[in-house]
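Each protein sequence line maps, in turn, to chains A and B. Counting from 349, one number per residue, gives the positions in the first sequence under this note's numbering. Counting from 349, one number per residue, gives the positions in the second sequence under this note's numbering. Report on one structure; see the data block that follows.
There are 2 protein chains.
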Amino acid sequence: MNIAVAQSGGPTCAINASLGGVFRAGKRSEDIDRIYGALNGIEGIIGDQLVDLSGKLTDDNNYELLLRTPSAVLGSCRMKLPDYHKESAVYEHITDIFRKNGIGMFFYIGGNDSMDTVAKLSAYYRDNNINDIRVIGIPKTIDNDLCVTDHCPGFGSAAKYVAATVQEITRDSNVYSIPSVTIIECMGRHAGWLTAASSCIRANGESAPHLIYLPERAFSADRFIVDVKRQMQRHRAVIVAVSEGIKTPDGRFAAESYQSAKKDAFGHTYLSGIGKFLENLVSDEIGCKVRSIELNVMQRCSSHIASLTDIQESERIGEAAVEAGLSGKTGCTMVFRRDSNAPYTCSIESTDALNTANSEKFFPAEWINDDGNDIMPAATEYLLPLIQGEIAPVMKNGIPMHLTIE
Amino acid sequence: MNIAVAQSGGPTCAINASLGGVFRAGKRSEDIDRIYGALNGIEGIIGDQLVDLSGKLTDDNNYELLLRTPSAVLGSCRMKLPDYHKESAVYEHITDIFRKNGIGMFFYIGGNDSMDTVAKLSAYYRDNNINDIRVIGIPKTIDNDLCVTDHCPGFGSAAKYVAATVQEITRDSNVYSIPSVTIIECMGRHAGWLTAASSCIRANGESAPHLIYLPERAFSADRFIVDVKRQMQRHRAVIVAVSEGIKTPDGRFAAESYQSAKKDAFGHTYLSGIGKFLENLVSDEIGCKVRSIELNVMQRCSSHIASLTDIQESERIGEAAVEAGLSGKTGCTMVFRRDSNAPYTCSIESTDALNTANSEKFFPAEWINDDGNDIMPAATEYLLPLIQGEIAPVMKNGIPMHLTIE
Chain A
349 MNIAVAQSGG PTCAINASLG GVFRAGKRSE DIDRIYGALN GIEGIIGDQL
399 VDLSGKLTDD NNYELLLRTP SAVLGSCRMK LPDYHKESAV YEHITDIFRK
449 NGIGMFFYIG GNDSMDTVAK LSAYYRDNNI NDIRVIGIPK TIDNDLCVTD
499 HCPGFGSAAK YVAATVQEIT RDSNVYSIPS VTIIECMGRH AGWLTAASSC
549 IRANGESAPH LIYLPERAFS ADRFIVDVKR QMQRHRAVIV AVSEGIKTPD
599 GRFAAESYQS AKKDAFGHTY LSGIGKFLEN LVSDEIGCKV RSIELNVMQR
649 CSSHIASLTD IQESERIGEA AVEAGLSGKT GCTMVFRRDS NAPYTCSIES
699 TDALNTANSE KFFPAEWIND DGNDIMPAAT EYLLPLIQGE IAPVMKNGIP
749 MHLTIE
Chain B
349 MNIAVAQSGG PTCAINASLG GVFRAGKRSE DIDRIYGALN GIEGIIGDQL
399 VDLSGKLTDD NNYELLLRTP SAVLGSCRMK LPDYHKESAV YEHITDIFRK
449 NGIGMFFYIG GNDSMDTVAK LSAYYRDNNI NDIRVIGIPK TIDNDLCVTD
499 HCPGFGSAAK YVAATVQEIT RDSNVYSIPS VTIIECMGRH AGWLTAASSC
549 IRANGESAPH LIYLPERAFS ADRFIVDVKR QMQRHRAVIV AVSEGIKTPD
599 GRFAAESYQS AKKDAFGHTY LSGIGKFLEN LVSDEIGCKV RSIELNVMQR
649 CSSHIASLTD IQESERIGEA AVEAGLSGKT GCTMVFRRDS NAPYTCSIES
699 TDALNTANSE KFFPAEWIND DGNDIMPAAT EYLLPLIQGE IAPVMKNGIP
749 MHLTIE
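Next comes the structure, spelled out in structure tokens:
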């Protein structure tokens, strides 16, 4: 039997480690012959763009580079399959491609949209009595917003980047003797997990960040200014961590609510990010030194400071997916179950793919303080194990080396 | 004799290594008793806020943390001394503080404003026949725009961050199969050195960045769109590196020239950075997928990926300053002289502080291509040696540890 693996959705630092895990477990199994990588997710299956991974991952050096390469070496896509009750042609086509290439198991690494693909494709096979093709999902997302799983592969590395960078920015912010406010905008349109990771630096004795705002709690610009003024009485350099997706009480993104009337000289509606908006607000309302910093895609691609825990777990969950497939499972998503916080232990299970498709896991209300401007220590305890350990990049000419496949 | 050292101007990853070098050389010398650190630059001298560094740098562990701590552990300031011919009181006061604390040498680590302080203070001593207090400047700036010196302490680490991050963003940008443009905004209001460092990834076989714009060459938005369209014919994911300070032919910042008429809903003039402006421009004019990324203060504070070459040289130039002072020098700035590119060798000399005060060294015209949208290979050859080597951070709880002094 041959197998195929593909990557989908937004890139992370760990999605290649899960690919590596699938490859390694595939090589180990006597039941598996060729291991194909499909280019650009399910599009690569539909287009029959398959790469024999044995020709690309030829030695340990390549494999080690793969673990250290951000983004998705096979490329990604954002494509959802139609309802197969209404439109079955693409399902038949995918099945033809699988048959033509002798593929008996398909592993899809991605977020909740990709788990939707896993759920639909496996349900199509179930309803049509096709029993010789198994479909298994491997989660990934820096947003950590997949349901069922304790945490998502890729999140730990992004969280480590956020924590390390907020630590360094805190150092930078304390250099001058005049009062200042620094606003750090983290990714997360609906879930505040990554922004919450900024709290990890408190484990090393920092008082920062002094304010943390997540999308899970309604945001008020007036209350924000009151919060900042109060923190300025306590700290010379106030550090604020804020999710890009914080929302006003009406559920709209704050960046849009507050700026909706703003047009530029050409009449275009132009929205700055929430960080820049809050910077301007502090400047207008308080008048102190203020700056905003958007951590941007560096959160998802800074492999040079990836979490070893995350990379190793991401690899393991890829291996576990192959093992689950070999044991006969299909239509499931592999998930982490945390057994203990200290010492941190975690095992891998599977759940029906439907449980992880199309829904989001939000930051728990009980982990946000009453004022809605900070998180509780229990959240930091949950986060800390995920950012432990480093995986040194392979450097060439002073720059991290990556693996490319094409 | 006691000595004093202070840090000034914008933070870097290497300004603490130079402090370490002063401390180490001071401890080695039998002629030097106490080594004082002044808090917040020259303000700490004026305010008599001196810290005995032996009480802070008590062991090798502290010292190693110092080398790995971004920003300035003693704090910084932005203060220029007045002309002493007109206003000598502050000079007399500084001298009183030096005398009261038995300080015979003062080392000032900073940029061209700080070198102005070194030049003025030493000239005041010369003109007033005060021969027992020496004043020596130690350069630092991520902008690499100090005159005389081949390069500036702190630049190599910022350049390494830029190169490594542009490498990782390039990987991230190539994940989708649709055409895209990624605009990376680097620091540099007047000098393009940091932006040029993005070219280092070509040494590892990357074609990116496909376009590079520096403040030294007049910028045209129309020509930019033509450039981008041309690159889009060659590359699916076009990567653009641009200095924050690129200017229109009239010498104004492009971000201001092009947005001067733009007001928000409250009537405030609001300027986005050049990256965001160019992102909106590409979106309007080309209509493809486009994003902008501002590397922001991470360029100057990401010690976790500092250049070992930079940290070691920064430490050495601090030591060399003490040695120069002990040999009788004053009124000078320590500078690097590059002896060879390959193998890279570099020695340390001194120059009259006036040569480094208040002036800027621009990116050479001959290192910019005719079209003004890229740099020449000779520039990359100059840059590469400065980003070599790594200095692993000391991690605690998965986050880099820093030294704080207060």
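We put the beta carbon where it would ideally sit given N, CA and C, even for glycine. Everything numeric in this text was worked out from a predicted model, so none of it was measured.
For this session: Out of Gly623(A), Gly504(A), Asp722(A), Gly358(A), point me to the one whose CA is closest to Gly459(A)'s CA.
Result: Distances from the CA of Gly459(A) to each of Gly623(A), Gly504(A), Asp722(A), Gly358(A) were compared; the closest alpha carbon is that of Gly358(A).
Problem set entry | When Thr530(B), Arg372(B), Arg426(B), Val576(B) are compared against Asp408(B), the one with the closest alpha-carbon | For Asp408(B), the nearest C-alpha among the options comes from Arg372(B).
Exercise. Could you give the C-beta distance for Pro418(B) and Cys361(B), rounded to a whole number, given that I count them as a contact under 8 Å?
Worked result: The pair is a contact, with the Cβ atoms about 5 Å apart (cut-off 8 Å).
Exercise. Under 8 Å, do Ala705(A) and Ser505(A) count as touching if we go by C-beta distance?
Worked result: Contact annotation: Ala705(A) and Ser505(A) have beta-carbon atoms that are not nearer than 8 Å.
Problem set entry | Neighbour flag for Met749(B) against chain A, beta carbons, 8 Å | So, interface residue.
Exercise. Helix, strand or coil for Ser631(B) per DSSP?
Worked result: Three-state DSSP puts Ser631(B) in a helix.
Exercise. Anyone know if the C-beta pair for Ile696(A) and Phe684(A) falls short of 8 Å?
Worked result: The Cβ atoms of Ile696(A) and Phe684(A) sit closer than 8 Å to each other.
Exercise. Assuming Leu401(A) contacts Tyr384(A) under a Cβ cut-off of 8 Å, what Cβ separation, rounded to an integer in Å, is found between them?
Worked result: The C-beta separation of Leu401(A) from Tyr384(A) comes to about 7 Å, placing the pair in contact by the 8 Å criterion.
For this session: Answer yes or no: do Thr518(A) and Ile622(A) have a C-beta to C-beta separation smaller than 8 Å?
Result: Not in contact: Thr518(A) and Ile622(A) (Cβ atoms no closer than 8 Å).
For this session: Could you pull out every unbroken beta strand (DSSP E) segment of at least 3 residues lying fully inside the stretch 554-620 of chain B, listed in chain order?
Result: For secondary structure counted as the beta strand (DSSP E) over 3 or more consecutive residues, the stretch 554-620 of chain B holds these complete runs in sequence order: 559-561, 585-591.
Exercise. Does DSSP put Leu751(A) in a helix, in a strand, or in coil?
Worked result: Leu751(A): coil per DSSP, three-state reduction.
Exercise. Roughly how many whole angstroms lie between the Cα atoms of Leu734(B) and Thr681(B)?
Worked result: For the pair Leu734(B) and Thr681(B), the Cα-to-Cα distance works out to about 20 Å.
For this session: Could you check which residue in Ala713(A), Glu663(A), Glu729(A), Gly679(A) has the C-alpha nearest to that of Arg686(A)?
Result: Looking at the Cα atoms, Glu729(A) is the closest of the given residues.
Exercise. Touch check for the stretch 652-666 of chain B and the stretch 487-501 of chain B: three-plus C-beta pairs under 8 Å?
Worked result: Yes: the two stretches touch, three or more of their Cβ pairs being nearer than 8 Å.
For this session: Out of Phe567(B), Ala437(B), Met463(B), point me to the one whose CA is closest to Thr497(B)'s CA.
Result: Ranked by Cα distance from Thr497(B), the options Phe567(B), Ala437(B), Met463(B) are led by Met463(B).
Exercise. Sorted by chain position, which residues of the same chain lie with C-beta nearer than 8 Å to Val576(B)'s C-beta, five sequence neighbours on each side aside?
Worked result: Once the five neighbours on either side are set aside, the close Cβ partners of Val576(B) are Val529, Leu559, Val586, Val588, Val630, Ile634.
For this session: Return the first residue and the last residue of the alpha helix (DSSP H) that Tyr692(B) is part of.
Result: Following the DSSP letters along the chain, one finds Tyr692(B) in no alpha helix (DSSP H) but inside the beta strand (DSSP E) bounded by residues 692-700.
Exercise. Just to check, is the beta-carbon of Tyr561(B) closer than 7 Å to a non-hydrogen atom of the ligand ADP?
Worked result: Within the structure as shown, the ligand ADP is missing, as the structure has no ligands at all.
Exercise. Ends of the alpha helix (DSSP H) at Ile442(B)?
Worked result: 437-448 is the extent of the alpha helix (DSSP H) around Ile442(B).
Exercise. Is any beta-carbon of chain B found at less than 8 Å from that of Tyr692(A)?
Worked result: No, its Cβ sits nowhere closer than 8 Å to a Cβ of chain B.
For this session: Measure the beta-carbon distance from Leu387(A) to Leu422(A) and round it to whole angstroms, keeping in mind my assumption that it falls under 8 Å.
Result: Rounded, the Cβ-Cβ distance is 6 Å, consistent with contact.
Problem set entry | Residue range of the beta strand (DSSP E) that includes Ser528(A) | 528-534 is the span of the beta strand (DSSP E), which, as asked, contains Ser528(A).
Exercise. Mind pulling the chain A residues with CB within less than 8 Å of Asp520(B)?
Worked result: Chain A residues near Asp520(B): Pro359, Pro418, Ser419, Val645, Arg648, Cys649.
Exercise. Which runs of the beta strand (DSSP E), 3 residues or longer, sit entirely within the stretch 463-488 of chain B?
Worked result: The qualifying runs are 482-487.
Exercise. For the stretch 524-535 of chain B, which residues have a beta carbon sitting closer than 9 Å to at least one beta carbon of chain A?
Worked result: Hits within the stretch, in order: Tyr524, Ser525, Thr530.
For this session: Kindly confirm or deny that the stretch 561-570 of chain B and the stretch 529-540 of chain B touch, where touching means at least three C-beta pairs closer than 8 Å.
Result: Because the criterion of three Cβ pairs below 8 Å is met, the stretch 561-570 of chain B and the stretch 529-540 of chain B touch.
Problem set entry | Backbone CA spacing between Ala512(B) and Ala471(B) [nearest angstrom] | In a straight line, the C-alpha of Ala512(B) is about 43 Å away from that of Ala471(B).
For this session: Tell whether a beta-carbon distance below 8 Å holds between Ile394(B) and Val438(B).
Result: Result yes, Cβ atoms of Ile394(B) and Val438(B) sit closer than 8 Å.
Exercise. Which residues in the same chain as Val523(B) place their Cβ atom closer than 6 Å to its Cβ, once the five residues preceding and following it in sequence are excluded?
Worked result: Answer for Val523(B): no residue qualifies.
Exercise. Among the residues of its own chain, which have a CB less than 7 Å from the CB of Thr752(B), if the five just before and after it don't count?
Worked result: Cβ within range, chain order: Val421.
Exercise. When you compare each of Val574(B), Glu738(B), Ile532(B) to Val638(B) by their alpha carbons, which one comes out closest?
Worked result: The alpha carbon of Val638(B) has as its nearest neighbour, out of Val574(B), Glu738(B), Ile532(B), the alpha carbon of Ile532(B).
For this session: Give the secondary structure of Gly357(A) by DSSP, where H, G and I count as helix, E and B as strand, and everything else as coil.
Result: Coil.
For this session: Scan the stretch 545-556 of chain A for residues whose Cβ lies nearer than 7 Å to a Cβ of chain B and list them as they occur along the chain.
Result: Residues of the stretch 545-556 of chain A with a Cβ closer than 7 Å to any Cβ of chain B, in chain order: Cys548, Ile549, Ala551, Asn552.
Exercise. If you drop the 5 nearest sequence neighbours on each side, which residues of the same chain put their C-beta closer than 6 Å to that of Leu756(B)?
Worked result: The structure shown does not extend to residue 756(B), since chain B spans only 349 to 754, so no value can be given for it.
Exercise. Do you know how far the Cα of Ile451(B) is from the Cα of Asp444(B)?
Worked result: Roughly 10 Å separates the two Cα atoms.
Problem set entry | Ala713(B) burial status per 10 Å Cβ neighbour count (16 or more: buried) | Within a 10 Å sphere around the beta-carbon of Ala713(B) sit fewer than 16 other beta-carbons, which makes this residue exposed.
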